[in-house]
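>
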Amino acid sequence: MDTPNNKPKKSGIRFSMYWAYAIIIVFLLGMLYIDDNSLTKDVSYSKFEQYVESGGVKKITVFTNTNRAEAEVSDSLASTIFHEAQFKPGSGTVAHIITDIPSADKMKDQIDAWSEAGKFNGEATNVTFKDVAGLTEPKTEIQEIVEFLRNPQRYTDLGGKIPKGALLVGPPGTGKTLLAKAVAGEANVPFFSMSGSDFVEMFVGVGASRVRDLFRQAKEKAPCIVFIDEIDAVGRARGKNPNMGSNSGVIILAATNRADILDKALLRAGRFDRQITVDLPELKDRVEIFNVHLRNIKKDDTVDVEVMARQTAGFSGADIANVCNEAALIAARNNKKTVDRDSFMSAIDRIICGLEHSSKIISPEEKKAIAIHEAGHATVSWFLEYSNEMVKVSIVPRGMALGAAWYMPEERQITPLQALLDQMCMTLGGRAAEELSLGEISTGALNDLEKVTKMAYAIVVYYGMSEKLPNVCYYDSTGQSYGFSKPYGGERAKQIDEEVSRIISEQYERAKQIIRDHKEGHARLAETLLTKEVMYSEDLKEIFGERQWRSRTEEIMLLQAERDAAREAAKAAESKSDVEEEKENSSEPQDVVAVEVNPVEETKPQDDNDDSSVATPPPFKGV
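So that you can map any letter, position 285 of the sequence shown is 318 in our numbering, and since no number is skipped, the others follow by simple counting.
(1) Classify Ile394 as helix, strand or coil using the three-state DSSP reduction.
(2) Expressed to the nearest angstrom, what Euclidean distance is found between the alpha-carbon atoms of Ile454 and Ile529?
(3) Could you please give the first and the last residue of the uninterrupted beta strand (DSSP E) stretch that includes Gln528?
(4) Would you give the residue range spanned by the alpha helix (DSSP H) that Met341 belongs to?
(5) Thinking C-alpha only, which one of Val340, Gly347, Lys332 is nearest Ala364?
(6) Identify the residues that DSSP records as bridge partners of Thr310: which are they?
(7) Trp415 to Tyr490, Cα distance in whole Å?
(8) Using the Cβ count rule (16 or more neighbours within 10 Å means buried), how would you classify Asp337?
(9) Give a yes or no on contact between the region 475-487 and the region 556-575, applying the rule of three or more CB pairs nearer than 8 Å.
(10) Between the Cα of Ala166 and those of Ile134, Thr207, Glu82, spot the shortest distance and give me the residue it belongs to.
(11) Just reading off the beta strand (DSSP E) that Ile261 is part of, what are its end residues?
(12) If we ignore side chains and look at the alpha-carbon of each, how far apart do Asp69 and Ser112 end up?
(13) I'd like to know whether the C-beta atoms of His555 and Ala408 end up nearer to each other than 7 Å.
(14) Are the CB atoms of Tyr541 and Pro520 within a distance shorter than 7 Å?
(15) Taking the straight line between their C-alpha atoms, what separation do you get for Lys370 and Glu86?
(16) Taking three-plus beta-carbon pairs below 8 Å as touching, is the region 175-184 in contact with the region 211-227?
(17) Kindly confirm or deny that the region 491-501 and the region 422-438 touch, where touching means at least three C-beta pairs closer than 8 Å.
(18) Rounded to the nearest angstrom, what separates Pro397 and Tyr440 at their Cα positions?
(19) Under 7 Å between the Cβ atoms of Ala287 and Ile261?
(20) Are the CB atoms of Ala360 and Gly462 nearer to each other than 7 Å?
(21) Our contact map puts Ala452 next to His410 with C-beta atoms below 8 Å; I'd like the distance itself, whole angstroms only.
(22) Excluding sequence positions up to five away, which residues of its chain have a Cβ less than 7 Å from the Cβ of Thr561?
(23) Let me check understanding here. Comparing Cα to Cα, which of Tyr419, Thr345, Leu450, Thr412 lies closest to Arg383?
(24) Measuring straight from C-alpha to C-alpha, what distance separates Gln581 and Glu418?
(25) Would you kindly report the start and end of the unbroken beta strand (DSSP E) that includes Ser427?
(26) Measuring only the C-alpha atoms, how far is Lys80 from Glu180?
(27) Hey, Ser228 and Glu263: beta-carbon distance below 7 Å or not?
(28) Consult DSSP for Ala166 and reduce its assignment to one of helix, strand or coil.
(29) For Gln143, which of Thr94, Tyr188, Pro314, His129 has the nearest alpha-carbon?
(30) Would you check if the distance between the CB atom of Ile131 and the CB atom of Glu103 is smaller than 7 Å?
(31) So who's on the other strand from Pro503, going by DSSP bridges?
(32) Tell me where the beta strand (DSSP E) around Phe224 begins and ends.
(33) For Tyr84, name the three-state secondary structure that DSSP assigns.
(34) According to DSSP, simplified to helix, strand and coil, what is Ala354?
(35) Report back the beta-carbon spacing between Ile285 and Gly203 to the nearest angstrom; my notes put them in contact at under 8 Å.
(36) Output the distance between the C-alpha atoms of Arg445 and Leu316, rounded to the nearest integer angstrom.
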């Protein structure tokens, strides 16, 4: 008999806290499997930036109300962010990273910057060779790369190898990046762009990682163009450069301003197969560049593109773009309806010599000395054959100069000795005028004396044009300085100093003699400068008359016009020949169609007295 203390035990499941833990885990796993197509991870903003820079980010979403951003990442990047148990490539899971951002506006600007640099994908560029003014030779030289990208089989069928890349060498602003974009645009392939400074390792492994990511993306989008700007940032140190080996169908274009400091191993065949020089534009190229940048500018009839191109010798394409923009700003500042010649001249003056200091106070004596000095330059230059043609003289302070004279530089491929001497004489004309007109000299000729001394030294030491030291050159193009400070002894140094002093003295006396011969004209010019402050070449013609010599620039323009006319005539003659040949072919009988294989055998024999004749078939010309 059961007693109260000996009751039978009830069957059932006892509750335990372990069961609660199990239920929670099952619930979380269930949620994971329910939403197994999405995977998210919070990261720091710096890490977020690093992931975007690597190129593995597909899309970024900014939440303005919470100042957070979410980015969808590629499978390859997700494999490095998440553990293998969390993410498996090809499973269909979409991986995201989330970060706190400074502000929505700053994040939008940052996204725009990333998009323009092509961090997400290789950008498709619409730039073609038509958008690249000038650069005739570089465009011709790089055309082969375009042809290969369009039709690589044409070259590989003959056993040719894929060109690894080309190095664009030239001064800043000459259009190297624009030319690289035009190659991609002409070939209609993606364009990847990074700067050499992006490869520099601020943290261990980051630079190499960026390179690997860049070429991984490029290989996926091949054929394509990879452009590396400022490659000298990573091309100097031997053994520390990231691997830039080209993948199949990936052509590397790189740009540098200093090819001389690059590692020689980087320039050997098989790395960069060719170097393409992108030099400063010549006169004809500058005219084309001006016309490109003037398309959207409202200019009037006073603007002469040819004159502006002549006045901007040594300007790069970027400089010319700056001139056009500055001219538009100046015209708008002066409430003008159109951009006129004066606006462009002011823009060129500002870029060359700096901002005009009209508020600077100058005493009458100083102003007179400046006018005499600048009039001396203009007077001497007007009577020298090889002197640059003067455009304008001004005694208005600009930048660091109290006065200035503008010239149209002569573009010469080689320079004779007399041209160097004429340039020195013109440069010394300012101090010569001070001595003759004022009886004393001033410190205003500092810049002139610096130029003259360097030119005289170059004549003696570099060009071998000295009378006492002919055909001797101590210039070292390798930059190694012969392994010692000076490649000559004390006696030779004394001879060099004597020759430099003699050349400068002769040209100074020559400048003084020219001013003596044209004393009245010089005085009139100086007086006009004091009154008007600015004078143009037309004013000098009224004082001195026309120059005796035609400028080098005019000669070049005439030669260019003759060459263009000859090319047009050759094209016209070729076109005329093709038309005549086509007419001749169309009037001839169709020989191939009318030809019989054995017409003689099928012809009935004729009697000698028969007046009828057999039609002789025309000669067979082939099918």
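Glycine included, every Cβ here is placed at the ideal spot set by N, Cα and C.
Being a predicted model, the structure only gives us computed values, none of them experimental.
Result, derived from the coordinates:
(1) Numbered from its first residue, the sequence shown carries residue 394 at position 361. In the structure shown, Ile394 sits in coil (DSSP, three-state: anything other than H, G, I, E or B).
(2) To locate residue 454, count along the sequence shown from 1; it is residue 421. To locate residue 529, count along the sequence shown from 1; it is residue 496. At residue 454 the sequence reads Leu, which differs from the Ile that was named. Distance between the alpha carbons of Leu454 and Ile529 is about 17 Å.
(3) Start at 1 with the first residue of the sequence shown, and residue 528 comes out as number 495. Looking at the DSSP string, Gln528 is not in any beta strand (DSSP E); the run it does join, the alpha helix (DSSP H), is 523-550.
(4) Counted from its first residue, the sequence shown places residue 341 at position 308. Per DSSP, Met341 belongs to the alpha helix (DSSP H) from 338-344.
(5) Position 331 of the sequence shown, counted from the start, is the residue given in the question as residue 364. Looking at the Cα atoms, Lys332 is the closest of the given residues.
(6) Against the sequence shown, residue 310 aligns to sequence position 277. Within the DSSP secondary-structure output, Thr310 pairs in a beta bridge with Val202.
(7) As a first step, residue 415 is located in the sequence shown; it is residue number 382 there, counting from the start. As a first step, residue 490 is located in the sequence shown; it is residue number 457 there, counting from the start. Looking at the two C-alpha atoms, the distance is approximately 25 Å.
(8) For the purposes of this step, residue 337 is taken as residue 304 along the sequence shown, with counting starting at 1. Counting the other Cβ atoms within 10 Å of the Cβ of Asp337 gives fewer than 16, which makes it exposed.
(9) Flag = no, the region 475-487 and the region 556-575 do not touch.
(10) As a working note, residue 166 is residue 133 in the sequence shown. When Ile134, Thr207, Glu82 are compared, the shortest CA-CA separation from Ala166 is found for Thr207.
(11) Translated into the one-based positions of the sequence shown, residue 261 becomes position 228. First-last of the beta strand (DSSP E) with Ile261: 257-262.
(12) Along the sequence shown, read from residue 1 onward, the residue named residue 69 stands at position 36. Along the sequence shown, read from residue 1 onward, the residue named residue 112 stands at position 79. Caution applies to Asp69, whose pLDDT of 48 falls short of 50 and renders its modelled position unreliable; the value that the coordinates give is listed next. Cα to Cα, the separation comes out at about 16 Å.
(13) Locating residue 555 in the sequence shown gives position 522, counting from the first residue. Locating residue 408 in the sequence shown gives position 375, counting from the first residue. For His555 and Ala408, yes; Cβs fall inside 7 Å.
(14) Working through the sequence shown from its first residue, we reach residue 520 at position 487. Working through the sequence shown from its first residue, we reach residue 541 at position 508. No; because the gap between Cβ atoms is not below 7 Å, this pair is not in contact.
(15) By one-based count along the sequence shown, residue 370 stands at place 337. By one-based count along the sequence shown, residue 86 stands at place 53. So the two alpha carbons sit approximately 45 Å from each other.
(16) yes
(17) no
(18) The residue labelled residue 397 in the question sits at position 364 within the sequence shown. The residue labelled residue 440 in the question sits at position 407 within the sequence shown. The straight-line gap from Cα to Cα measures roughly 27 Å.
(19) On the sequence shown, residue 287 is found 254 positions in, with the first residue counted as 1. On the sequence shown, residue 261 is found 228 positions in, with the first residue counted as 1. Yes, they are a contact pair.
(20) Locating residue 360 in the sequence shown gives position 327, counting from the first residue. Locating residue 462 in the sequence shown gives position 429, counting from the first residue. No; because the gap between Cβ atoms is not below 7 Å, this pair is not in contact.
(21) In the sequence shown, residue 452 corresponds to position 419, counting from 1. In the sequence shown, residue 410 corresponds to position 377, counting from 1. Not a contact, Cβ separation roughly 17 Å.
(22) As a working note, residue 561 is residue 528 in the sequence shown. Met568, Asp572, listed in sequence order.
(23) By 1-based counting over the sequence shown, the position of residue 383 is 350. Residue Thr345 is the option with its Cα nearest to Arg383.
(24) The residue given as residue 581 occupies position 548 in the sequence shown. The residue given as residue 418 occupies position 385 in the sequence shown. Spanning the two alpha carbons is a distance of roughly 8 Å.
(25) On the sequence shown, position 394 is the one that residue 427 refers to. Segment 422-427, the beta strand (DSSP E) holding Ser427.
(26) Reading the sequence shown from its first residue, position 47 is the one you call residue 80. Reading the sequence shown from its first residue, position 147 is the one you call residue 180. Using only the alpha carbons, I get a separation of about 41 Å.
(27) As a first step, residue 228 must be located in the sequence shown, where it is residue number 195. As a first step, residue 263 must be located in the sequence shown, where it is residue number 230. Yes, the Cβ-Cβ distance between Ser228 and Glu263 is below 7 Å.
(28) Your numbering for residue 166 matches position 133 in the sequence shown. Correct three-state label for Ala166: coil.
(29) For this step, residue 143 is matched to residue 110 along the sequence shown. When only C-alpha atoms are compared, the closest one is Thr94.
(30) As a working note, residue 131 is residue 98 in the sequence shown. As a working note, residue 103 is residue 70 in the sequence shown. Yes, the Cβ-Cβ distance between Ile131 and Glu103 is below 7 Å.
(31) Counted from its first residue, the sequence shown places residue 503 at position 470. The partner list for Pro503 (beta bridge, DSSP) reads Met498.
(32) Taking the sequence shown and counting its residues from 1, the one referred to as residue 224 is at position 191. Element bounds for Phe224: 224-228.
(33) Numbered from 1 along the sequence shown, position 51 holds the residue referred to as residue 84. Residue state, collapsed to three classes: helix.
(34) Within the sequence shown, numbered from 1, the residue matching residue 354 stands at position 321. Ala354 falls in the helix class under three-state DSSP.
(35) Along the sequence shown, read from residue 1 onward, the residue named residue 285 stands at position 252. Along the sequence shown, read from residue 1 onward, the residue named residue 203 stands at position 170. At roughly 17 Å, the Cβ-Cβ gap does not stay under 8 Å, so Ile285 and Gly203 are not in contact.
(36) As a first step, residue 445 is located in the sequence shown; it is residue number 412 there, counting from the start. As a first step, residue 316 is located in the sequence shown; it is residue number 283 there, counting from the start. The straight-line gap from Cα to Cα measures roughly 11 Å.
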